[in-house]
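Each residue of the sequence shown is one higher than the one before, starting from 5 at the first, in this note's numbering.
Structure, as structure tokens:
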Amino acid sequence: VIIDSSHIGTTIHFDELPPDQAQQLLFMNSEARFIFYKNISNKINHPTKIICLTSIDGGMGYNGADSNVSDPSLGALIGFYKALRKEWVDSDVKIIDFSLKVILEEFDTVMQNVIAEIVHSGMGVEIAYPNGMRMILKIDEKEIRADQKLTFSNNDTFLITGGGTGIAAQISLALAQKYPANFIIVDLLPLPENIGALALLDEAGLEKIRQDIHERLKAEHKKVTPVMINREFDAITKAIEIHRNIETVKNFGRKIEYIACDVRDFENLKSSLNEARKNVGQVTAIVHAAGIDKSHFLDQKSVEEFHNVFSVKAQGAYNLMHLCQDDPLKLAGAFSSISGRFGNAAQLDYSAANSFLNYWVKMLHHRRKNIHAISLIWSGWKDVGIAWRNEFVRQKSEEMGLNFIEVNEGIAAFMQEIENKNSDQEVILHKGLNGFVEPGLSITGLHDYPLIDRVIKEENKIIRANRMFSVNRDALIDQHRLGKTPILPAVAYSELAVEYYALQAGKKDHYALRDLTFANAFKLFHEQPRELFI
């Protein structure tokens, strides 16, 4: 049994820490744990039990109006252990949160509950004991609501990290098209002085650039590999994409400043933001979307890799918080991931970083109540983003039931979430979470309903269910074809209708369906996945 007691019983106000102390705290609650488990993994068998104790608010940070999250580094610790749970599947990993008051005044009770968790194996991963009652964290579907509507004008400036390319760039373009706001885009890549000329090149011109890179590298090195060529060429094509995105924003009539800077570099980011503000004004909206991922299991992941993946999101968030503390913020949005919410094998660092962001948002929500602070917990997007660039995830997503979000769907969801201010601090945005949510950890348990990926609710009532069908995932459609075209058999429609009914009315021994008609066949043209809803 391993018990990680973190720094329970200690009050830490993360937003008041100087940079060196903040970095040390982040190190202890992420990288230090990684180093510990990496070292013991080769020396002992996986322990039967691993229990992490935290003292957030006695409710995992979900005590509503009474919640006071002051130390989001505990969120990093929580994300780390949720990922370790997915990697060390033969270990029973739990996180238990006690309030500071209970730890200081009722420690015997705390230990009785801890011992009970060691001896028994109850349901749940994130656990609390408010008023002595064992509670576990579950997710639920919820319709969006607005306590206040947000809109943005030419007096607003969006600061978007990681916004040069990818998902954040798509978001930036959509915002610029809709709102007459100003923009500060932060990304790593400096733009060459001749970027305007490079952006005009056609395919032949770009191929000439590639050949020139090849010839130069041959003169400088004994052996030239495709990786060496692609590294330099890809930097040029990415710079061209950034430049074109900037020009598109300008063509919408918006002011935009591009900062080539590592979000972890406090001093460089500080001076660059001060210069940018002179042109576009004070920052009123932050979208922290910068991030990298290097998926490797614990025994294959290096300390350096863990540090780089984790710190971009965590250290970047700390820097943004301090450098914009005097700006008139009305929005602080973090791009998080389902890896941080549920944990994911081979992503200890990425899960810890995104879970940190979830709690960073909770801290901002409590500290600056006038801000719409929200963590957008994304599953993978199609055609862009970290998940799509992961070849394994891209190829296996259909079989895993992890359906990618279309770009237009993701943009619409983002707009809806930032424009409708409410008390929700975390929102999971997905098209199916098959395999990520363990049985019993969702209010609407779908594990016994194989033809339903997700549901939509209004006023706690299910009004719609969706299912993505594909030949890689569903033998029932792969082996049922009209000519060469996969077609959904009638029995599948019937089963879907029954499952939808059973979700709401409860399971029965028998079902009767009447008045069935089939106006149009459900086909997978060109064998492409297709979503059906009821």
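For every residue, glycine included, the Cβ atom is placed at its ideal position computed from N, Cα and C.
DSSP, reduced to helix, strand and coil, places ASP216 within a helical segment of the structure shown. ASN464 and ALA243 have their C-alpha atoms spaced approximately 47 Å apart. Unbroken alpha helix (DSSP H) stretches of 4 residues or longer found wholly inside the segment 205 to 258: 207 to 224, 230 to 255, given in chain order. The closest CA to that of SER34, considering only ILE44, LEU352, ASN524, is found on LEU352. For the 7 Å CB-CB criterion, ASP75 and PHE111 do not form a contact. With fewer than 16 neighbouring CB atoms inside 10 Å of its own CB, ALA509 falls in the exposed class. Separation of THR241 and ASN255 (C-alpha to C-alpha, rounded to the nearest whole angstrom) is 21 Å.
The bridge partners DSSP lists for LYS98 are ILE55. Note: LYS527 is bridge-paired with ILE491 in the DSSP secondary-structure output. Assigned with DSSP and collapsed to three states, MET64 falls in coil, not helix or strand. The three-state reading of DSSP puts VAL5 in coil, since its state is none of H, G, I, E or B. The DSSP-derived three-state label of THR161 is strand. Distance check between LEU179 and each of GLU197, THR165, ALA201, PHE156 places PHE156 closest, using alpha-carbon atoms only. Per the coordinates, the alpha-carbon of HIS50 lies some 26 Å from the alpha-carbon of ASN438.
Excluding the 5 residues flanking it on each side, GLN420 has same chain C-beta neighbours closer than 8 Å at ILE148, in chain order. Cα atoms of LEU104 and SER10: separation of roughly 13 Å, rounded to the nearest angstrom. Between ALA36 and the set SER77, THR252, ASP206, ARG214, the nearest pair of CA atoms involves SER77. Nearest C-alpha to ILE260 among ILE54, ILE164, TYR504: ILE164.
Checking the DSSP bridge columns, you'll see ILE189 partnered with ILE164, TYR262.
Between PRO490 and ASP482, the CB-CB gap stays under 7 Å. DSSP places VAL431 in the strand class (E or B) of the three-state scheme. Distance check between SER379 and each of ASN394, ILE171, LEU361 places LEU361 closest, using alpha-carbon atoms only. The beta carbon of LEU108 sits closer than 8 Å to the beta carbons of GLY13 from its chain, once the five residues preceding and following it are set aside; these are given in chain order. Rounded to the nearest whole angstrom, the C-alpha separation of VAL316 and PHE270 is 12 Å.
Assigned with DSSP and collapsed to three states, GLY449 falls in coil, not helix or strand.
Secondary structure at LEU29: helix, using DSSP grouped into helix, strand and coil. Separation of ARG258 and ASP266 (C-alpha to C-alpha, rounded to the nearest whole angstrom) is 24 Å.
For ARG471, the enclosing beta strand (DSSP E) starts and ends at 465 to 473. In the DSSP annotation of this structure, the continuous segment of the beta strand (DSSP E) that includes PHE339 starts and ends at 335 to 341.
Taking a 10 Å sphere around the C-beta of SER306, we find fewer than 16 other C-beta atoms and assign the residue as exposed. Following the DSSP letters along the chain, one finds LEU536 inside the beta strand (DSSP E) bounded by residues 534 to 537. Secondary structure of LYS153 (DSSP, three-state): strand. Where TRP392 is concerned, the enclosing alpha helix (DSSP H) starts and stops at 390 to 393. Straight across, the Cα-Cα distance linking ARG281 with VAL228 is about 44 Å. Apart from the 5 residues on each side of it in sequence, GLU403 sits with its Cβ closer than 6 Å to the Cβ of ASN476, ARG477 in its chain, given in chain order. Secondary structure note for GLU462: its beta strand (DSSP E) is the uninterrupted segment 458 to 462.
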